[in-house]
Structure formats: structure tokens, C-alpha cells
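Data block below; observations after.
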Amino acid sequence: NRQQLRDKLATLLKCPSLTKEQMLGSAYSAACYLKHALLLSWSNSQEEEEEEASTKRVHVIGVQGLYDEIANVGFQVTGGPTENGEPAVASMSRDELASYPFPPPNTIDAVVIGLDTEFTYRKLCIANVLLQQNPNALLIATNRDAYDLVGVDSRHLPGNGALVAALEVASQRTAINVGKPSSNLANLITKEYKLDPSRTLMVGDRLDTDIKFGLDGNMKSGLVMTGCTTATKIIDLTKASTDQDDERDSEGEPLPTVIFPHMGMMSL
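When the count follows the numbering used here, it moves up by one through the sequence shown with no breaks and lands on 273 for the last residue.
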């Protein structure tokens with residue numbers, strides 16, 4: 006959640022003056038999207054908002070921070086890191102699913118899926134049936150990242166996009182992405198901080214999310230070469246872009262406005 010993100014950055018950057026309000030992550034974006042989509046009173050007083058939110062139920066696949074961010078709005082939240090406070094169980098048999106005590110149909114308003122390193126077949130089964138029994142429920146993804154890089158040999162660590170794809174295939178639904186590079190997040194950022202996109206620099210290490218987010222949001226973009234994007238990839242894209250009219254290659258990966266070898270170069 007935003008508080009955890011603030012604490013992490015304050016320590017990493019040695020900047021204790023950072024505030025929670027300066028943080029805007031995908032969990033907060035999901036909570037804001039749900040608030041605007043499900044509550045008629047979202048623009049009224051906080052008391053009215055919380056009162057209406059208490060009548061809405063949201064099921065979460067994800068870490069405690071995502072669970073807490075959504076619960077902070079006032080929603081009734083199920084799921085999260087554990088199932089009803091019980092130790093995690095990975096499996097779900099046909100008989101278990103048939104007898105599982107699901108809430109009555111049409112009583113779940115949304116299912117939100119975020120990165121969960123303890124994602125299981127059981128969690129997939131539960132979320133899938135909730136969507137089946139609640140056809141009007143929103144399906145929200147905090148992001149669709151394919152993978153991250155780990156280790157000195159850049160091994161691919163599956164991202165939230167893999168989890169989202171599993172639930173989309175099982176439920177035959179398409180999730181609403183509220184993370185990068187969606188316009189939902191761009192609109193939230195420009196509104197919350199009253200930003201002029203043309204005077205904003207989006208900095209990130211991924212072409213398909215960070216840089217695309219900047220381009221689609223009419224921002225300038227800065228690519229940091231310390232993440233998923235390699236120099237070889239940039240060279241290949243540059244060659245491919247010479248025969249095209251825009252900044253994208255055939256796979257939809259845009260070139261950045263500027264490239265930084267690492268974050269420290271931004272201070273020069």
C-alpha cells in the first residue's frame with residue numbers, strides 16, 4: 006500500500022520528508038477505480054462514501070498491501086494472502102469446489118487480482134466461481150506485467166500478467182487494467198496531482214508498460230537501463246522504427262524520449 010511504499014522509498018532515498026500522499030501505486034489505483042465505479046457517493050463526504058462502501062463486497066487475490074488499500078475505502082474484502090485467516094492450502098479437488106461455501110449469487114461486486122507469489126490453484130478456483138456466480142462483478146487487474154528480471158543471468162520471474170491470464174482464460178472474462186500502461190492510471194495521476202502531461206517525464210525500465218504509459222499519456226519518457234530492457238533491444242527497435250511513421254515497432258513497444266544508463270544520471 007502507499008504507506009509501505011513511502012517507508013521503503015524514504016529509507017532507500019534517505020528522504021524522511023516523503024509523505025504517503027506522494028505515493029501512487031497500482032493498489033491505490035485499483036481502490037480509486039473501484040470507488041468511482043461502485044459508489045454513487047464517491048464525490049460526497051467521506052462518511053457517506055464509507056457508509057455506501059460498506060455495502061459492497063470485493064474479493065482479492067494479492068498481498069496484504071492490496072487487501073488493505075481496498076479495505077481502507079470501506080469495502081467488505083475477502084481473500085487476500087490467506088483464506089479466512091487459515092493457513093494457505095494450494096489444492097482444490099472437484100468435491101471440495103462442489104461443497105465450498107460461496108456467498109449467495111450476485112453479492113460480489115468485484116474481483117481484484119494483483120501479484121501474489123503464493124498464487125494457487127485453489128485461489129484460482131474460488132475467484133473463477135465468484136465471477137461465474139456474479140456475472141456483473143468487475144474483474145480488475147493491478148497490472149499485466151509479463152515478467153521481471155532476477156539474478157546476474159537475468160532470469161525471467163513471472164509477473165502479474167501470468168496470473169491475470171489464468172483467471173481470464175478460466176472465467177472467459179477480460180480484466181480491466183488499472184496499472185501501467187492504462188489510461189485509468191494516467192487519468193488518476195494527472196487529476197490527483199494536477200499535472201500537465203506535456204511537462205511530465207515518465208521514468209521506468211520497461212518499454213511495454215512504463216514507456217508506453219508515458220507515450221499514451223502524452224508525456225515525455227525516460228528509460229533507465231537497469232531493468233528489463235537491454236541495449237540490444239533498443240538497437241533493434243531503432244532499426245525497425247526507421248521504416249515507420251511513429252515511435253513503435255510491430256509489437257507495440259515504443260522508443261523513449263531519453264535514455265539513462267542508471268538513475269544517478271538524472272541528476273547531471
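All C-beta atoms, glycine included, are put in the ideal place defined by N, C-alpha and C.
The beta strand (DSSP E) that contains residue i, what's its start and end?
i           : result
residue 209 : 206-209
residue 62  : 62-66
residue 27  : Here residue 27 belongs to no beta strand (DSSP E), and DSSP marks it neither H nor E.
To the nearest angstrom, how far is the alpha carbon of residue i from that of residue j?
i           : j           : result
residue 84  : residue 95  : 14 Å
residue 11  : residue 81  : 25 Å
residue 102 : residue 134 : 9 Å
residue 183 : residue 52  : 25 Å
residue 217 : residue 185 : 8 Å
residue 240 : residue 205 : 25 Å
residue 254 : residue 260 : Residue placement at residue 254 is poorly supported in this model, since its pLDDT is 46, which falls under 50; the coordinates still yield a value, given next. Using only the alpha carbons, I get a separation of about 8 Å.
residue 56  : residue 122 : 33 Å
residue 44  : residue 137 : 23 Å
residue 14  : residue 27  : 11 Å
According to DSSP, simplified to helix, strand and coil, what is residue i?
i           : result
residue 69  : helix
residue 267 : coil
residue 219 : helix
residue 10  : helix
residue 144 : strand
residue 35  : helix
residue 103 : helix
residue 115 : strand
residue 18  : helix
Since residue i sits in a beta bridge, which residues does DSSP pair it with?
i           : result
residue 226 : 207
residue 160 : 155
residue 81  : 62
residue 108 : None, per the DSSP bridge assignment.
residue 86  : In DSSP, residue 86 forms no bridge with anything.
Grab the span of the alpha helix (DSSP H) containing residue i for me, first residue to last.
i           : result
residue 314 : Residue coverage of the chain in this structure runs from 6 to 273, which leaves residue 314 outside it and unanswerable.
residue 134 : 126-138
residue 278 : Limits of the chain in this structure are 6 at one end and 273 at the other, which puts residue 278 out of reach.
Against chain B, with Cβ distances strictly below 8 Å, would residue i count as a contact?
i          : result
residue 38 : You won't find chain B in this structure, because it holds only one protein chain.
- Task: May I have a chain-ordered list of the beta strand (DSSP E) segments no shorter than 3 residues that lie completely inside the stretch 167-215?
- Result: Runs of the beta strand (DSSP E) lying entirely within the stretch 167-215 and spanning at least 3 residues, in chain order: 206-209.
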